[in-house]
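Below is one structure, written out as structure tokens; the observations come after it.
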Amino acid sequence: CGIYPCITWFAWLILGIPIMIAEFLIGRRSRANTARAYQKLAPGTHWRWVGRMGVLAGFLILGYYSVVAGWTLEFIGEAATNSLPGVGSRFHRILQQLCQQPWRPVIWLVLFLLATHLIIVKGVEKGIEKSAKIMMPMLFVLLIILAICSISLPGAGAGIEFLLKPDFSKVD
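In our numbering, the protein residues as written are -12 to 159.
And the structure:
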């Protein structure tokens, strides 16, 4: 398992960055939505299906992501009321309750989708940009807090060393 961080960085550098840059260039060049970008750049070819598959992939991801985001809202509620002592067992218990009471995940899913809808309906400038100006700094602060808490745990030094110092002897 010492090779895993190396493979992740390698995949990110070799695959992730070029694909991301290609998507930016396709969007900028076509000035069209995802479904029509390939059709506009390569008319009369089968590339239009790549754009359509991108939209389909977004819908499939949305189905999973929305449910997990609903669970996250439940966990945020539990954390805000300081109901998360004994983290591992408590998370397991909350997930069991969510599975045993099917109405709870549906309520949280609907709340998440409603909040997302309200942001998107306001448009790019008044909705997405305005919410991003609030949520992105909040995310940054939460990541800093999480990093500080993680570093203060026992054995954190070994974990950081495992993450940042690859063991190339396991490559062979």
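No residue lacks a Cβ here, since even glycine has one placed at the ideal position from N, Cα and C.
- G3 sits away from R23, with the two beta carbons spaced by 9 Å or more.
- By alpha-carbon distance to L96, the top candidate from A67, P5, L47 and E61 is E61.
- P92 counts as buried, since at least 16 other C-beta atoms from the protein chains shown sit within 10 angstroms of its C-beta.
- Rounded to whole angstroms, the Cβ separation of R35 and Y25 is 5 Å, and the two are in contact under 8 Å.
- Under the three-state reduction of DSSP output, P141 falls in the coil class, being neither helix nor strand.
- Contact annotation: S53 and T103 have beta-carbon atoms nearer than 9 Å.
- Take I132, set aside five residues on each side of it, and no residue of its chain has a beta-carbon closer than 8 Å to its own.
- Approximately 12 Å separates the beta-carbon atoms of G114 and I121; this is outside 8 Å, ruling out the contact.
- Taken in chain order, the complete alpha helix (DSSP H) segments of 4 or more residues contained in the stretch 39 to 115 are 74 to 87 and 90 to 108.
- Within a 10 Å sphere around the beta-carbon of W58 sit 16 or more other beta-carbons, which makes this residue buried.
- With contacts defined as CB atoms closer than 9 Å, A145 and S137 fail to qualify as a contacting pair.
- Proximity to L28 across P124, K117, M7 and I13 peaks at I13, based on C-alpha coordinates.
- Counting along the chain, K152 sits inside no alpha helix (DSSP H), nor does DSSP assign it H or E at all.
- Judged by DSSP in its simplified three-state form, W34 adopts coil rather than helix or strand.
- For R80, there are no CB contacts under 7 Å within the same chain when 5 residues up- and downstream are skipped.
- When only Cα atoms are considered, V128 and I135 end up about 11 Å apart.
- In the structure shown, A19 adopts coil according to DSSP, grouped into three states.
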